[in-house]
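All residue numbers for the sequence shown refer to the working numbering, where the first residue is 38 and numbers rise by one. Note that beta-carbon positions come from the ideal geometry of N, C-alpha and C, so glycine has one too.
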Amino acid sequence: MKTILTTCLLLWLGLTLARAQQLIGKVSDVGGAPVAGAALQFDNGIYHGLTNIKGQFKVLLPKGNYQLKLSCVGYKTLSLRVNVPQLDSLKLTMQPEIQHLEEVTVSTGYQTLPKERATGSFTKVNERLFNEQVGVNVLDRLAYITNGLSVDTKTNAGGIMVHGLSTINGPRTPLIVVDNFPYEGALENLNPNEVESVTVLKDAAAASIWGARAGNGVIVITTKRAKFQAPLNVAFNS
């Protein structure tokens, strides 16, 4: 009985190995260098191993047509259809995945600095965030998206304040800077559709630039301007 079971097992194993076909390939980058550690997955989503240090792989699969997916850190995922058996070795090329980091700059009204070089407390409001608010003037839009900015819309006693009440009898309004120049007019008179970004400087670091006038904070507004050879751009806000 044991001999019969052993014989049947060997026959089944032989048939299974006969049905399995070998798929061989090599994975390289755009420069021809081998990509080691790329993961291989087929239709069933089962992990089938990694490419070796030379970028080579070898798997056993039943005869058929499969969807092969290659993934590796730093490269775009590669998907393709393969036939098994494959007469020739596969030569696959993976494209590098380039990630662009968003550069955030802070405008002090005197100069524009990268965020990591800017000192003090500030809030940067870009054009997208600014236009998410609906208002007829700049003040209405800033009131709900800028930390530390308080607006008194009921009386004229406080108006707009950046970091709370700093004086009883003196002026409480912050310094307004538009395109690097102090603005003496009312903030409500500025067209919000012309604003590109707003930076609110909140602490004493602004005083090193604007002196005593920055005692109540500084609101730096940068307006839109024409760009060389820029394509036509239409914006709509409701």
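Residue i CB to nearest heavy atom of the ligand NAP below 6 angstroms
i: Glu164; result: Ligands displayed in this structure: none; no statement on the ligand NAP is therefore possible.
Environment of residue i [buried if 16+ CB atoms lie within 10 Å]
i: Pro229; result: buried
i: Leu173; result: Leu is not the amino acid found at residue 173; the sequence shown has Val there. Counting Cβ neighbours within 10 Å, Val173 comes out exposed, since fewer than 16 surround it.
i: Val67; result: exposed
i: Ser263; result: Just to set this straight, residue 263 is Ala in the shown sequence, not Ser. Exposed.
i: Thr88; result: buried
i: Phe35; result: Here the chain comprises residues numbered 38 to 275, so residue 35 is not present and cannot be evaluated.
i: Pro211; result: buried
i: Ala75; result: buried
i: Leu269; result: exposed
i: Asn253; result: buried
i: Ala251; result: buried
i: Gly62; result: buried
i: Leu97; result: exposed
Residue interval of the alpha helix (DSSP H) (run including residue i)
i: Leu179; result: 175-179
i: Arg262; result: Arg262 -> no alpha helix (DSSP H), and no H or E assigned at all.
i: Leu107; result: That residue, Leu107, is in no alpha helix (DSSP H); its beta strand (DSSP E) goes 101-108.
Beta-carbon contacts of residue i that lie in its chain and below 8 angstroms, excluding the five residues immediately before and after
i: Ile182; result: Val162, Leu166, Phe167, Glu169, Gln170
i: Leu224; result: Asn174, Val175, Leu176, Ile197, Ile213, Ile256
i: Thr160; result: Thr183, Asn184, Gly185, Leu186, Thr236, Val237, Lys239
Where residue i falls: helix, strand or coil (DSSP)
i: Ala70; result: coil
i: Glu134; result: coil
i: Gly86; result: strand
i: Leu166; result: helix
i: Asn230; result: helix
i: Arg209; result: coil
i: Gly248; result: helix
i: Leu224; result: helix
Cutoff 6 angstroms; reference residue i; Cβ partners in own chain excluding five residues on either side
i: Gln123; result: Leu60
i: Leu115; result: Leu107, Met131
i: Val235; result: Val162, Ile258
i: Leu117; result: Leu105
i: Ser187; result: Met198
i: Lys261; result: Glu231, Glu233
Cβ separation of residue i and residue j, assumed to be a contact under 8 angstroms, to the nearest whole Å
i: Leu129; j: Val64; result: 5 angstroms
i: Val199; j: Gly185; result: 6 angstroms
i: Val121; j: Lys100; result: 6 angstroms
i: Asp125; j: Tyr103; result: Contact flag wrong, Cβ pair sits at about 16 angstroms.
Cβ neighbours of residue i in the same chain (closer than 7 angstroms, five flanking residues each side left out)
i: Val72; result: Val64, Ser65, Asp66, Thr88, Gly92, Cys109, Tyr112, Met131
i: Tyr220; result: Ile213, Val214
i: Arg178; result: Phe167, Gln170, Gly172, Pro229
Residue range of the beta strand (DSSP E) that includes residue i
i: Arg118; result: 115-121
i: Ala76; result: 76-78
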